[in-house]
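Participant:
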Amino acid sequence: MVTVTILWSAEAIETALAAQGIALASGRAERIARAQQALLEAAAADPLRATLTFDANPAGYPAALESCR
Numbered sequence: 136m137v138t139v140t141i142l143w144s145a146e147a148i149e150t151a152l153a154a155q156g157i158a159l160a161s162g163r164a165e166r167i168a169r170a171q172q173a174l175l176e177a178a179a180a181d182p183l184r185a186t187l188t189f190d191a192n193p194a195g196y197p198a199a200l201e202s203c204r
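Mapping of the sequence shown onto my numbering: position 2 corresponds to residue 137, and the numbering continues sequentially without gaps.
(1) Could you give the C-beta distance for A164 and E176, rounded to a whole number, given that I count them as a contact under 8 Å?
(2) Per DSSP, what kind of secondary structure is L159 in: helix, strand or coil?
(3) Check whether the Cβ atoms of A153 and A168 sit closer than 7 Å, and answer yes or no.
(4) By how many angstroms is the C-alpha of W143 removed from the C-alpha of A170?
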């Protein structure tokens with residue numbers, strides 16, 4: 136299993152939202168970054184997450200769509 140630590144900064148939040156044309160009030164990016172980081176850390180600590188299988192093969196996506204029809 137590969138684990139990657141993702142750290143969100145206020146600048147990353149502002150950049151991502153600005154790319155979508157969303158402007159934030161002063162100080163809002165810091166609050167969003169802290170909340171996003173808390174969610175990511177909680178998800179990483181979830182014991183059920185390790186039981187999920189993820190298909191690393193992009194060709195699996197169309198097959199999954201077909202099986203859902």
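Backbone N, C-alpha and C fix where the C-beta goes; we use that ideal spot for every residue, glycine too.
Facilitator: Based on what the coordinates show:
(1) In the sequence shown, the residue the question calls residue 164 occupies position 29. In the sequence shown, the residue the question calls residue 176 occupies position 41. Between A164 and E176 the beta-carbon gap is near 18 Å, outside 8 Å, which marks them as no contact.
(2) Against the sequence shown, residue 159 aligns to sequence position 24. For L159, the three-state secondary structure derived from DSSP is coil.
(3) For the purposes of this step, residue 153 is identified with residue 18 of the sequence shown, where counting begins at 1. For the purposes of this step, residue 168 is identified with residue 33 of the sequence shown, where counting begins at 1. For A153 and A168, no; Cβs fall outside 7 Å.
(4) Here residue 170 is taken as the residue at index 35 of the sequence shown, counted from 1. Here residue 143 is taken as the residue at index 8 of the sequence shown, counted from 1. Between A170 and W143, the alpha-carbon positions lie close to 9 Å from each other.
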